Amino acid sequence: MFSSNGSLESWIEGKSTQKRLNEHCIEYKPPSKDTGSITSCFLETSPEPFVIRLKRSENLFPGDDFRAICEVDGKDIGFSIWRADRLEYEWKAVWERRDGDLYQSSLKFDTLATTDDPSKVDISVRDLENIGTIVITLTRGTTRTSRKRNEIELFNRVKGKAMENQGFLSSVGTTESVKGEEWQPVFYDFTPSGSGIPYHQFVFKYRPARVLKFLGLIDQGHSSLSSRSYAYQTANIPLFLPASSSDEESSASTSAKGTQDVGSKNSNSEDDRNEYESSQVLVKQSPTESLTNPESDGRNTFRRRYSLRPSRKRTYVDEEQL
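FYI, full-length UniProt numbering numbers position 307 of the sequence shown as 307, with every residue one higher than the one before it.
Pasting the structure below:
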């Protein structure tokens, strides 16, 4: 799916087939005083390991980097510096540690552990609120000289059991783990542009196809095409976002990791928004889909605003040094 002006794109594809996963009910929320613009969709899951990809226009803020934060089920998989000279970026694997050994693993959609006994439900409320989401937050800025650090940040998938839900809840786990050598991350200082508000956010709400069909988000006998085949339309449709999260520190990991804010430039933050004049929601959808959200039944829907957490230290691996 794209940002409103088409200058940014994010998608998820199978690692071996390189086939994009289907996106449904794509919605766009323009920026506000406190948040950047957001593109959201329901993602149809696939059984094979997947890769998360980003692409930018060569004319989008030439010379500026992006801090790319990727969170899966509310868990950081990497605070990465997307360099200005790279038009594409990807998360292909995460780092895990088992019995003291370091492993590089692929991401894969998986079932969530459940139980019929309420006394055995031990999944945290925060994890339950964020389960089923992949959120990518992009903040424009610049980076400074790196310095060495010692820790490697690891991916910690959602743990614990939820109540039996007939497969309606899914999570992301790991597979294809390969034992790796210890390496030393590199630390970068990141300076956000303007007010430091993220420029854009992509929100994937992943569900199995049968769940999307049950919810009426796709036709029973029809699997809709990917977002690239849809035309933009305008409609006042509520945007469903993951629940706000606290300022609590969480783990992160991937082959490239994040940064620490060191301040904001004194530039006008309105320059970041000159492409967004519309106050309506832009929607990409197939001709057979309704302009009302099937879950809302025409009623007002509660909106949650995703809480961004700037000024956190994260490590980053300069891939050119590996």
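For every residue, glycine included, the Cβ atom is placed at its ideal position computed from N, Cα and C. All values derive from a computational prediction rather than experimental measurement.
Quick one: Cα of residue i to Cα of residue j, how far?
i           : j    : result
V125        : V158 : 11 Å
G298        : A84  : Because G298 sits at a pLDDT of 43, beneath the cut-off of 50, its placement in the model cannot be relied upon, and the following sentence gives the value as read from the coordinates. Their Cα atoms are separated by approximately 43 Å.
A162        : R20  : 30 Å
S106        : K75  : 15 Å
L241        : S40  : Note that L241 has pLDDT 38, beneath the 50 cutoff, so the model's placement of it is unreliable and the number below is only indicative. Cα to Cα, the separation comes out at about 8 Å.
Q18         : N156 : 25 Å
residue 325 : H200 : Shown here, the chain extends from 1 to 322; a query on residue 325 therefore has no answer.
S170        : N59  : 38 Å
G63         : V121 : 49 Å
L154        : E129 : 21 Å
K213        : T191 : 44 Å
E181        : S80  : 21 Å
S195        : G6   : 23 Å
L102        : K33  : 43 Å
Hey, could you find the ends of the beta strand (DSSP E) residue i is sitting in?
i    : result
K179 : S170 to K179
V13  : First, the amino acid is wrong: residue 13 is Glu here, not Val. Segment L8 to G14, the beta strand (DSSP E) holding E13.
L154 : Where L154 is concerned, there is no enclosing beta strand (DSSP E), given that its DSSP letter is neither H nor E.
V72  : D65 to V72
E88  : E88 to W91
L107 : D101 to T111
D219 : Per DSSP, D219 belongs to no beta strand (DSSP E) and is neither H nor E.
V135 : T133 to T143
V125 : Note, V125: premise wrong, no beta strand (DSSP E); alpha helix (DSSP H) at V125 to N130.
I197 : Segment: none, I197 is in no beta strand (DSSP E) and carries neither H nor E.
K75  : K75 to W82
E96  : V94 to R98
K55  : F50 to R56
Skipping 5 residues on each side, what residues in its chain have a beta carbon closer than 8 Å to that of residue i?
i    : result
P198 : T35, G36, T137, L138, T139 and L308
E164 : T114, T115 and D116
W82  : L54, R56, D65, F66, R67, A68, Y89 and L138
G132 : D73, L169, S170, S171, K205, Y206 and R207
Output the boundary residues of the alpha helix (DSSP H) element that contains residue i.
i    : result
V211 : A209 to F214
L43  : Looking at the DSSP string, L43 is not in any alpha helix (DSSP H); the run it does join, the beta strand (DSSP E), is S37 to E44.
C23  : Reading off the sequence shown, one finds Glu at residue 23, where the question assumed Cys. It is not in any alpha helix (DSSP H) - E23 instead sits in the beta strand (DSSP E) that spans E23 to K29.
Between the Cα of residue i and those of the options, spot the shortest distance and give me the residue it belongs to.
i           : options                   : result
K92         : R86, D110 and C70         : C70
I77         : E44, D117 and I134        : I134
D99         : A209, K179, N59 and Q201  : K179
G141        : K108, F202, S119 and Y188 : Y188
F204        : T111, F155 and W11        : W11
residue 344 : N5, R207, D73 and C25     : Shown here, the chain extends from 1 to 322; a query on residue 344 therefore has no answer.
T45         : K29, H24 and P31          : H24
R210        : F61, V172, F168 and P185  : F168
I152        : L43, S177 and W183        : W183
N22         : I38, S32, S7 and L43      : L43
D110        : G173, F79 and F61         : G173
S127        : S119, P118 and L112       : A small fix is needed here, since residue 127 is Asp in this sequence, not Ser. For D127, the nearest C-alpha among the options comes from L112.
R97         : F61, S177 and G196        : S177
Answer with buried or exposed for residue i, where buried requires no fewer than 16 other C-beta atoms within 10 angstroms of its C-beta.
i           : result
L87         : exposed
residue 337 : The question about residue 337 has no answer, for the chain in this structure spans 1 to 322.
W95         : buried
K29         : buried
P185        : buried
R303        : Note that R303 scores 34 on pLDDT, short of 50, meaning its location in the model is unreliable; the coordinates nonetheless yield the value given after this. So R303 ends up on the exposed side.
S4          : buried
P118        : exposed
Below 7 Å CB to CB, which residues in the same chain sit around residue i once its five sequence neighbours on both sides are set aside?
i    : result
T175 : P49, S105, S106 and K108
F61  : R140
Compute the minimum distance between the beta carbon of residue i and the heavy atoms of the ligand MG, and state whether it is under 8 Å.
i    : result
Y188 : No copy of the ligand MG appears in this structure; indeed no ligand is present at all.
For residue i, which residues from the same chain have a beta carbon less than 6 Å from its beta carbon, with the 5 sequence-adjacent residues on both sides left out?
i    : result
V51  : E13, K15, E90 and K92
G160 : D122 and I123
F202 : S10, T39 and I136
L8   : R56 and H200
P47  : none
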